[in-house]
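Remarks on the structure that follows.
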Amino acid sequence: MLGEGFYTPIDDIGPERSAVYPEVLNTLSEGFTASGYDLKWLCKTITNTRAYQREMQKKTEQQHTPFAAQSPTRLRGDQIFTAITQVFGVDELQTNRNIGNRRYQASRSARGQFSSLFTYDPSTSQDEITGDVPQALFMMNSKTLNEMLGTDRNTKLAQIARDFKDDNDAIQELYLLTLSRVPGKAELEICQNYIQEAGNRNDALEDLMWSLLNSSEFITKR
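The numbering used here numbers the first residue of the sequence shown as 2 and each following residue consecutively.
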C-alpha cells in the first residue's frame, strides 16, 4: 500500500535479515494477531497513518526515508484492466464480448489478457520494473481498448463529448477521469491546440483519451 515493504525483497525474511522500522512491524503484527487476522483492520490501520495520507513522493537514491510517504508503484495487470473499465464506465462482460467469441475461456478473457501480459514478480524492486515493447504495443493496438474509445458508444468518454461543449472543460474532465488530476498549463494548451487543428472534435477527444491511457502515469499508482 505504501510502495515498499519492511524487507527488501519482500520475501527475504530470514533470521539474518533486519526489517526497516522493526518496532512498527512488531506493532502491526501484534495488532493483526489480536484482531483475529482481520485484513480490514490491517488496511484501515495503514490508511489511517500519516505516511499513507501524505502526498506521494518519488523515491531517489540520494535521499529517501522509508515510509515517509507512499512511493509510486507499477499497477498489476488486473489493476490496469479494472482502471480501464472504470474510465469507460463499462462492466467486464462488455469488454469480454469485444474480444470475439462470447464462449471464451477464462485465460482468454480481457482481464486474463491484461493479467498475463503485465504480470511481474511482487518481490522485484519497483525500480527494476519497467515496461516493454509487447506491453506498449498491446495498449496501443488492443481491440478491447480501441473499441471502447468511440464517442458513439455509451461510455463516459461519449458523455464528456456530449455534455461538455467547452473544450477546456472537456479536457479537464478527461484528465480527471484517467489520471485523477487536472492538466497543467502546458498540457492544457497542447490539448486545446490539438482539438482546434484536428477539425473533428469527437475524433480529437478520442485521440486525447488514447494518449492518456497509453501514458506511463496511467499505469502507475499515484
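Think of the CB as a built atom: it goes at the ideal place given N, C-alpha and C, for glycine as much as any other residue.
Local Cβ density within 10 Å of residue i, reported as buried at 16 or more and exposed below that
{"i": "Pro184", "result": "buried"}
{"i": "Glu207", "result": "buried"}
{"i": "Ser143", "result": "buried"}
{"i": "Val134", "result": "exposed"}
{"i": "Ala187", "result": "exposed"}
{"i": "Gln21", "result": "Strictly speaking, residue 21 in this sequence is Val, with Gln absent from that position. By the neighbour-count rule (16 or more Cβ atoms within 10 Å), Val21 is not buried but exposed."}
{"i": "Ile47", "result": "exposed"}
Separation of residue j from residue i, as counted between CA atoms
{"i": "Gly32", "j": "Leu178", "result": "37 Å"}
{"i": "Gly78", "j": "Phe115", "result": "5 Å"}
{"i": "Leu213", "j": "Gln54", "result": "25 Å"}
{"i": "Ala35", "j": "Glu17", "result": "27 Å"}
{"i": "Gly113", "j": "Leu138", "result": "17 Å"}
{"i": "Gly6", "j": "Asn201", "result": "48 Å"}
{"i": "Leu189", "j": "Ser117", "result": "35 Å"}
{"i": "Cys44", "j": "Tyr38", "result": "11 Å"}
{"i": "Met140", "j": "Gln80", "result": "14 Å"}
{"i": "Asp164", "j": "Ser217", "result": "28 Å"}
{"i": "Asn215", "j": "Lys166", "result": "25 Å"}
{"i": "Leu76", "j": "Phe119", "result": "8 Å"}
{"i": "Met149", "j": "Gln197", "result": "23 Å"}
{"i": "Lys41", "j": "Gln87", "result": "23 Å"}
{"i": "Leu26", "j": "Ser19", "result": "11 Å"}
{"i": "Ala205", "j": "Arg154", "result": "15 Å"}
Those residues which DSSP pairs with residue i across a bridge
{"i": "Thr74", "result": "Lys222"}
Whole-angstrom C-beta distance between residue j and residue i, which should lie under 8 Å
{"i": "Thr156", "j": "Phe89", "result": "4 Å"}
{"i": "Ala171", "j": "Ala162", "result": "7 Å"}
{"i": "Thr152", "j": "Asn194", "result": "Actually they are not in contact, since the Cβ atoms of Thr152 and Asn194 sit about 20 Å apart, beyond 8 Å."}
{"i": "Leu180", "j": "Leu209", "result": "Contact doesn't hold; Cβ gap of about 12 Å is too wide."}
{"i": "Ala111", "j": "Phe82", "result": "6 Å"}
{"i": "Lys222", "j": "Thr50", "result": "Not confirmed; about 17 Å, so no contact."}
Checklist entry - Which runs of the alpha helix (DSSP H), 4 residues or longer, sit entirely within the region 113-184? => result With a minimum length of 4 residues, the continuous alpha helix (DSSP H) runs that stay inside the region 113-184 are 134-142, 144-149, 157-164 and 168-180.
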